[in-house]
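**Student:**
Number of protein chains: 4
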Amino acid sequence: MQALLNEILEEVRPLIGQGKVADYIPALADVPANQLAIAVYSNDGELYCAGDADTAFSVQSISKVFSLVQAIQHSGEDIWQRLGHEPSGQPFNSLVQLELERGRPRNPFINAGALVICDINQSRFAAPVLSMRDFVRRLAGNPEVLVDSRVADSEYQHRARNAAAAYLMQSFGNFHNDVEAVLRSYFSYCALRMSCADLARAFCFLANDGFCKHSGAQILTARQSKQVNAIMATSGLYDEAGNFAYRVGLPGKSGVGGGIVAVVPGRFSVCVWSPELNAAGNSLAGIKALELLSERIGWSVF
Amino acid sequence: MQALLNEILEEVRPLIGQGKVADYIPALADVPANQLAIAVYSNDGELYCAGDADTAFSVQSISKVFSLVQAIQHSGEDIWQRLGHEPSGQPFNSLVQLELERGRPRNPFINAGALVICDINQSRFAAPVLSMRDFVRRLAGNPEVLVDSRVADSEYQHRARNAAAAYLMQSFGNFHNDVEAVLRSYFSYCALRMSCADLARAFCFLANDGFCKHSGAQILTARQSKQVNAIMATSGLYDEAGNFAYRVGLPGKSGVGGGIVAVVPGRFSVCVWSPELNAAGNSLAGIKALELLSERIGWSVF
Amino acid sequence: MQALLNEILEEVRPLIGQGKVADYIPALADVPANQLAIAVYSNDGELYCAGDADTAFSVQSISKVFSLVQAIQHSGEDIWQRLGHEPSGQPFNSLVQLELERGRPRNPFINAGALVICDINQSRFAAPVLSMRDFVRRLAGNPEVLVDSRVADSEYQHRARNAAAAYLMQSFGNFHNDVEAVLRSYFSYCALRMSCADLARAFCFLANDGFCKHSGAQILTARQSKQVNAIMATSGLYDEAGNFAYRVGLPGKSGVGGGIVAVVPGRFSVCVWSPELNAAGNSLAGIKALELLSERIGWSVF
Amino acid sequence: MQALLNEILEEVRPLIGQGKVADYIPALADVPANQLAIAVYSNDGELYCAGDADTAFSVQSISKVFSLVQAIQHSGEDIWQRLGHEPSGQPFNSLVQLELERGRPRNPFINAGALVICDINQSRFAAPVLSMRDFVRRLAGNPEVLVDSRVADSEYQHRARNAAAAYLMQSFGNFHNDVEAVLRSYFSYCALRMSCADLARAFCFLANDGFCKHSGAQILTARQSKQVNAIMATSGLYDEAGNFAYRVGLPGKSGVGGGIVAVVPGRFSVCVWSPELNAAGNSLAGIKALELLSERIGWSVF
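Sequence order for the protein chains is Y, F, P and E. For the first sequence, this note's numbering gives the first residue as 22, with consecutive numbering after it. For the second sequence, this note's numbering gives the first residue as 22, with consecutive numbering after it. For the third sequence, this note's numbering gives the first residue as 22, with consecutive numbering after it. For the fourth sequence, this note's numbering gives the first residue as 22, with consecutive numbering after it.
Below, the structure written as structure tokens:
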């Protein structure tokens, strides 16, 4: 596995320079584009790393999985009264469908859906951001995972599109807390800084029927764990979910920080990172690396 | 397995009466609603049946998989110049997205996408319907599979919505043959009559890396086979693809005749049938049967 | 008035070369771009002409007013059961709104609405095209008005977008005759060839409370005449109806042949012609000429 | 005229009870439904009143005309860089079109367009609300016109939909001031309390080529005045602009307080008031009263 990971990184490294680092906020635009990493955490507890796998980066939308898992933990199936688990077929931040469907987001991985999940968590936790940070620290087995407040503040300054989505949902009665407060929490989750190694460990329970081996905790039931994977498979990569299933064939979740997490159920979790994005907003080299991994080990879920 | 299938049918039988048989054409509305069947064909060549598994029914949209496989066989990746493989997030027959995306259908399992695939096949085969029928006979190992011309004619009489989609694509230059001729072929494919046993056998190659054990033919490469499964997983059940992934966790394809085919990669293909549909147009008892099967054998792809 | 018309044509003539002749069918693309004409027919029966005012051109969508008037004559208010009289806010040939509003077109001047009007007329007349031609001959006071069958055939060959609209409406039950037959009629109406002088005379009844002075016939009631003008004012110039009201301030109807008819209620009807179109598909020099006319005589309806 | 107004009110009074008073905020829901008024202000300076014509009510969207006129006064044609003057064909508060057209509202009378106009005015005036109030006092010739702060506050509490529109425009760079501050101004304008007599006087300049007879001020140029009327004619009554043109045939602007102002160019301005609204959100008895007025005096602009 170690040799395979090294080989894959060398094979995708030439893609660096062909994508574009997210630049909608300065704090993300600053990230050096030539960083590249992969980490695999197997169900028997081995961690394999290659490249800059210990360098922390901004997880961004990968945090939407953490929020969803927290919400499932405390509210279970009830959350589906507030949003769906169908692919949206629309850009991640579009309001068109949200208005036509009267403020009910299609799934928890488009921005509107993640905001509803944050609103649900906001109602539940006295200190939602601390609560999330501590949850992620336990999942990652790393007590030093931090929220980058510079990134969170900068995203809040550029909140207009997400604010529009939240107010639109509020206008349909599908938002219960103060919009500005939930936006603050939402951007704090997005601003979590974690390495590929952290994320591979943090997602291991989804490859292992909900059980997190390194911490010994059952995070979700086996059934819930499969359900989260199902939602990642149909909706985890924005507009490119179908293409990711077609090329890689694994449940996954990407972030504009350039990270992508994927799950091989029954075997391992994996995280790749390369800051440059393709036109759909997913890590260009990251998708290629996962495609090669899936090919070489002869494994997609399909 | 045999006992399990019997048990599942008994468990879902009470759902009969809670759905609605498709009635947009008389030939479908006539089907007795109390029929129920399941068939499993394993990768080691065993066929397990329960209920009315030898009764032929109208496969309808399940035929979209056959058309797609034929198109991949002769044109490979080239077909993606004409359509995508992303979930649509829209009803199966909507023209809204098709117009906004300038006549390029999202995937081969919405009607517009299947029409483009038929148009591709129409350009390739001198006798497209015979060609398809013979292909399906070989896949099913049943030389008596027929097209029900009464159903095909009746659907042609009610072609307005599909004609609109085809003409709209033609207006964008994404339709190459005579619209009426392709519609005739399309409705003939939909009007194939097959039993659950036929369909379980016909789909076995998708559970077996493209290899059809009973005929000894490699229908698709292993990679292509996974790709077809990926498209079924993200787009196979109309508006309910996400929910099917969430509840059942298997690649599948449904038809308004009440059939649903699903694939457990590496293990078996399965077909269920019950004519009554839910609000999304998928077999009500069929989805429940597959959900139970997935639960009992502890298997979803996730 | 004569001097004013001459002056206006000279003032707008430099615009020739800045627009684009319609080229979606060869028969329209052939028209020499440097033709320019204006004709005014006053309520006291005087005709004033300048430029190529006796040259016949393809009236195209201007015919939608004739169809509407015929339908009002025989069916009155009943036609509004089949379509609306609200601006669409969408391109003239879009199907998005038509699907969302279940096959009911917004108004009689978008293509879908004109097709419904043709369908209504098709049900009423044994020979709809002859009936229309004779009606227009009487309105224009010119027994030599003809349908250009080369243009009609060519448009039929390129019917895809309009066929899609008609089939979509049929799928919602809002189309009663054979689609192909109605399309043939529709394209024949569009292919009427008339001069500016013909059209100014033909529209005079709309400036005169429904009374056609030269033929002595009451074409519509005063109220109906105002209603047709109202629909032209809010929906007569495709996507540019608001801009036309803002700049010219008169009810009007344009065609892609480069003609625009406008009405000054109580005073006169006017037709301008210049084949080159602006981005919205309306005659570039034609709109400018009407703007100057409205300014110079100090008259808009507002 | 006086007799005619009395007669019209008696004729429409039976409609009271068939509509529905706006109830999205308590302050509006409280208004007694049985109030009814009409006022006409002629170009020769006569005021004719009937019913409760001196009772002040909440002008709501009628204020959008005042904002627009202020913006034209100081910025002229420049405002059209920020929004259009085309009918929208969509509900007054829809975000669908706004997103598809990248944050540029269709016209100044849908909410998004009025918010952009307020944003423009906010940049211009140190005290925008006072500035507007004083402008309206001069137009109405009534120094006691007030903003009802209870209504303004209540609307601000229910700002979600308008906040969504403003933030969406900000995300496209088409909003320059603080969203919350502009919303405060916007709701203050809507909360102006004026009577039918006030409003008839305040709109008289639009019937008189921009000249306000009672104050002796030229508010707009004749051309600008016609342009404002043109926009009212194509977009002044929400989704019902086409129907209002068809039935009444006059430029007009309505508000959910139940007022409608209309203009007979060259003759008079008129205001009707009845708090109960039809399904499109326009005063039910108000539209009927204007239809009768237009019929009886034989006058529509068409």
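Don't be surprised by glycine CBs; every beta carbon is placed ideally from N, CA and C.
Who are Cys292 of chain Y's beta bridge partners in DSSP?
**Tutor:** Here residue 292 of chain Y corresponds to residue number 271 of the first sequence, with the count starting at 1. Answer is Y:Ala60 and Y:Val282, bridged to Cys292 of chain Y.
**Student:** For Leu305 of chain P, does the three-state DSSP call read helix, strand or coil?
**Tutor:** Taking the third sequence and counting its residues from 1, one reaches residue 305 of chain P at position 284. Of the three classes helix, strand and coil, the one that applies to Leu305 of chain P here is helix, per DSSP.
**Student:** Taking C-beta to C-beta, are Val80 of chain Y and Leu136 of chain Y nearer than 8 Å?
**Tutor:** Position 59 of the first sequence, counting from 1, holds the residue named residue 80 of chain Y. Position 115 of the first sequence, counting from 1, holds the residue named residue 136 of chain Y. Result no, Cβ atoms of Val80 of chain Y and Leu136 of chain Y do not sit closer than 8 Å.
**Student:** So, for Leu220 of chain Y: in the same chain, excluding its five sequence neighbours on each side, which residues have a beta-carbon less than 6 Å away from its beta-carbon?
**Tutor:** Position 199 of the first sequence, counted from the first residue, corresponds to residue 220 of chain Y. These residues qualify, in order along the chain: Val282 and Cys292.
**Student:** Using a Cβ cut-off of 9 Å, which residues of the segment 238-252 of chain Y contact any Cβ in chain F, in chain order?
**Tutor:** Cβ contacts with chain F: Ala243, Arg244, Ser246, Lys247, Gln248, Val249, Asn250, Ala251 and Ile252.
**Student:** Strictly under 8 Å for the Cβ-Cβ distance: is Arg288 of chain Y near chain F by that measure?
**Tutor:** Sequence index remark: in the first sequence, residue 288 of chain Y carries index 267 (1-based). So, not an interface residue.
**Student:** Rounded to the nearest angstrom, what separates Ala71 of chain F and Gly280 of chain F at their Cα positions?
**Tutor:** Position 50 of the second sequence, counted from the first residue, corresponds to residue 71 of chain F. Position 259 of the second sequence, counted from the first residue, corresponds to residue 280 of chain F. Ala71 of chain F and Gly280 of chain F: Cα-Cα distance of roughly 14 Å.
**Student:** Check the Cβ-Cβ distances between Leu204 of chain P and every residue of chain F, and say whether any is below 8 Å.
**Tutor:** Taking the first residue of the third sequence as position 1, residue 204 of chain P is located at position 183. Leu204 of chain P does not count as touching chain F.
**Student:** Please report how far the alpha carbon of Leu311 of chain F lies from the alpha carbon of Val269 of chain F, in whole angstroms.
**Tutor:** Taking the first residue of the second sequence as 1, we reach residue 311 of chain F at position 290. Taking the first residue of the second sequence as 1, we reach residue 269 of chain F at position 248. If I take the Cα positions, the gap works out to 6 Å.
**Student:** Residues of chain F with a CB under 8 Å from the CB of Ser144 of chain P: which are they?
**Tutor:** Taking the first residue of the third sequence as 1, we reach residue 144 of chain P at position 123. Simply none; closest approach about 18 Å.
**Student:** Counting only runs of 4+ residues fully inside the segment 184-250 of chain P, write out the alpha helix (DSSP H) ranges in chain order.
**Tutor:** Complete alpha helix (DSSP H) runs here, min 4: 200-211, 217-223 and 225-228.
**Student:** Between Thr76 of chain Y and Ala54 of chain Y, which are expected to be in contact by the criterion C-beta below 8 Å, what is the C-beta distance as a whole number of angstroms?
**Tutor:** Here residue 76 of chain Y is taken as the residue at index 55 of the first sequence, counted from 1. Here residue 54 of chain Y is taken as the residue at index 33 of the first sequence, counted from 1. No, Thr76 of chain Y and Ala54 of chain Y are not in contact; Cβ-Cβ is about 13 Å, not under 8 Å.
**Student:** What do you get for Ala306 of chain Y, buried or exposed, if any count of 16 or more other CB atoms within 10 angstroms of its CB means buried?
**Tutor:** Stepping through the first sequence from its first residue, residue 306 of chain Y is reached at position 285. Result: buried.
**Student:** Determine the direct distance from the alpha carbon of Asn64 of chain Y to that of Leu325 of chain F, and round the result to whole angstroms.
**Tutor:** The structure shown has nothing for residue 325 of chain F, since chain F only spans 22 to 323.
**Student:** Could you work out which residues of chain P lie near Pro108 of chain E, taking near to mean beta carbons separated by less than 7 Å?
**Tutor:** If you number the fourth sequence from 1, residue 108 of chain E lands on position 87. Simply Pro108, Gly110, Thr255, Ala262 and Gly263.
**Student:** Does the separation of the CB atoms of Gly40 of chain P and Leu298 of chain P fall below 8 Å?
**Tutor:** Counting from 1 along the third sequence, the entry for residue 40 of chain P is found at position 19. Counting from 1 along the third sequence, the entry for residue 298 of chain P is found at position 277. The answer is yes: Cβ separation under 8 Å.
**Student:** May I ask which residues mark the beginning and end of the beta strand (DSSP E) holding Ala71 of chain P?
**Tutor:** Your numbering for residue 71 of chain P matches position 50 in the third sequence. Leu68 to Gly72 is the span of the beta strand (DSSP E), which, as asked, contains Ala71 of chain P.
**Student:** Can the beta-carbon of Leu106 of chain P be found less than 8 Å from the beta-carbon of Asn128 of chain P?
**Tutor:** To locate residue 106 of chain P, count along the third sequence from 1; it is residue 85. To locate residue 128 of chain P, count along the third sequence from 1; it is residue 107. It should be noted that the sequence gives His, not Leu, for residue 106 of chain P. Yes. Within cutoff.
**Student:** Starting from the beta carbon of Arg127 of chain P, find every residue of chain E whose beta carbon is closer than 9 Å, and list them in chain order.
**Tutor:** Taking the first residue of the third sequence as 1, we reach residue 127 of chain P at position 106. Near Arg127 of chain P (Cβ distances below 9 Å), the residues of chain E are Gly110 and Gly263.
**Student:** Going along chain Y, which residues have a C-beta under 7 Å from Ser352 of chain E?
**Tutor:** Chain E is shown only over 22 to 323; residue 352 of chain E falls outside these bounds and no answer can be derived.
**Student:** For the segment 90-108 of chain E and the segment 141-150 of chain E, state whether three or more C-beta atom pairs, one from each stretch, are separated by less than 8 Å.
**Tutor:** Touching, per the Cβ criterion.
**Student:** Note down, in chain order, each residue of its chain lying with its Cβ closer than 7 Å to the Cβ of Ser96 of chain E, except the 5 sequence neighbours on either side.
**Tutor:** As a working note, residue 96 of chain E is residue 75 in the fourth sequence. Excluding residues within five positions, the ones whose Cβ falls inside 7 Å are Ile141.
**Student:** What would DSSP say about Phe78 of chain F, mapped onto helix, strand or coil?
**Tutor:** Within the second sequence, residue 78 of chain F is the residue found at index 57, counting from 1. Reduced to three states, the DSSP call for Phe78 of chain F is strand.
**Student:** Does the distance from the CB of Val86 of chain P to the CB of Lys274 of chain P come in under 8 Å?
**Tutor:** Taking the third sequence and counting its residues from 1, the one referred to as residue 86 of chain P is at position 65. Taking the third sequence and counting its residues from 1, the one referred to as residue 274 of chain P is at position 253. It is a contact, given that the beta carbons lie within the stated cut-off.
**Student:** Mind reading off the beta-carbon distance from Val284 of chain P to Val90 of chain P? Whole number of angstroms is fine, and I expect it under 8 Å.
**Tutor:** If you number the third sequence from 1, residue 284 of chain P lands on position 263. If you number the third sequence from 1, residue 90 of chain P lands on position 69. Their Cβ separation, rounded to whole angstroms, is 13 Å, which puts Val284 of chain P and Val90 of chain P out of contact at 8 Å.
**Student:** Could you tell me whether any Cβ in chain Y is nearer than 8 Å to the Cβ of Ala135 of chain F?
**Tutor:** As a first step, residue 135 of chain F is located in the second sequence; it is residue number 114 there, counting from the start. No, no contact with chain Y.
**Student:** Is it right to say Met215 of chain P is buried, meaning 16 or more other beta carbons lie within 10 angstroms of its own, or is it exposed?
**Tutor:** Counted from its first residue, the third sequence places residue 215 of chain P at position 194. The residue in question, Met215 of chain P, is buried, as its Cβ has 16 or more Cβ neighbours within 10 Å.
**Student:** Could you give the distance in angstroms between the alpha-carbon of Leu26 of chain Y and the alpha-carbon of Tyr69 of chain Y?
**Tutor:** Sequence index remark: in the first sequence, residue 26 of chain Y carries index 5 (1-based). Sequence index remark: in the first sequence, residue 69 of chain Y carries index 48 (1-based). So the alpha carbons of these two residues sit roughly 8 Å apart.
**Student:** Can you find the residues in the same chain that come closer than 6 Å, C-beta to C-beta, to Asn24 of chain F, ignoring five residues on each side of it along the sequence?
**Tutor:** The count along the second sequence starts at 1 and reaches residue 24 of chain F at position 3. Correcting the residue identity first, residue 24 of chain F is Ala in this sequence and not Asn. The answer is none, since no qualifying residue turns up.
**Student:** Just checking: is the beta-carbon of Phe323 of chain P within a distance shorter than 8 Å of some beta-carbon in chain E?
**Tutor:** Here the question's residue 323 of chain P lines up with position 302 in the third sequence. Closer than 8 Å: yes.
**Student:** DSSP on Gly97 of chain F, reduced to helix/strand/coil?
**Tutor:** Counting from 1 along the second sequence, the entry for residue 97 of chain F is found at position 76. Looking at Gly97 of chain F - three-state DSSP - the assignment turns out to be helix.
**Student:** Quick check on DSSP: helix, strand or coil for Leu298 of chain P?
**Tutor:** Within the third sequence, numbered from 1, the residue matching residue 298 of chain P stands at position 277. DSSP places Leu298 of chain P in strand when its eight states are reduced to three.
**Student:** In the segment 187-203 of chain F, which residues sit with their C-beta less than 7 Å from some C-beta in chain P, listed in chain order?
**Tutor:** Going along the segment 187-203 of chain F in chain order, one finds Tyr188, Leu189, Gln191 and Ser192 with a Cβ nearer than 7 Å to chain P.
**Student:** Quick check on DSSP: helix, strand or coil for Ser275 of chain F?
**Tutor:** Counting from one through the second sequence, the residue named residue 275 of chain F turns up at place 254. Ser275 of chain F falls in the strand class under three-state DSSP.
**Student:** Can you tell me whether DSSP reads Val168 of chain F as helix, strand or coil?
**Tutor:** Position 147 of the second sequence, counting from 1, holds the residue named residue 168 of chain F. Three-state DSSP puts Val168 of chain F in a strand.
**Student:** Could you give the distance in angstroms between the alpha-carbon of Val157 of chain P and the alpha-carbon of Asn163 of chain P?
**Tutor:** The residue you call residue 157 of chain P lines up with position 136 of the third sequence. The residue you call residue 163 of chain P lines up with position 142 of the third sequence. Using only the alpha carbons, I get a separation of about 8 Å.
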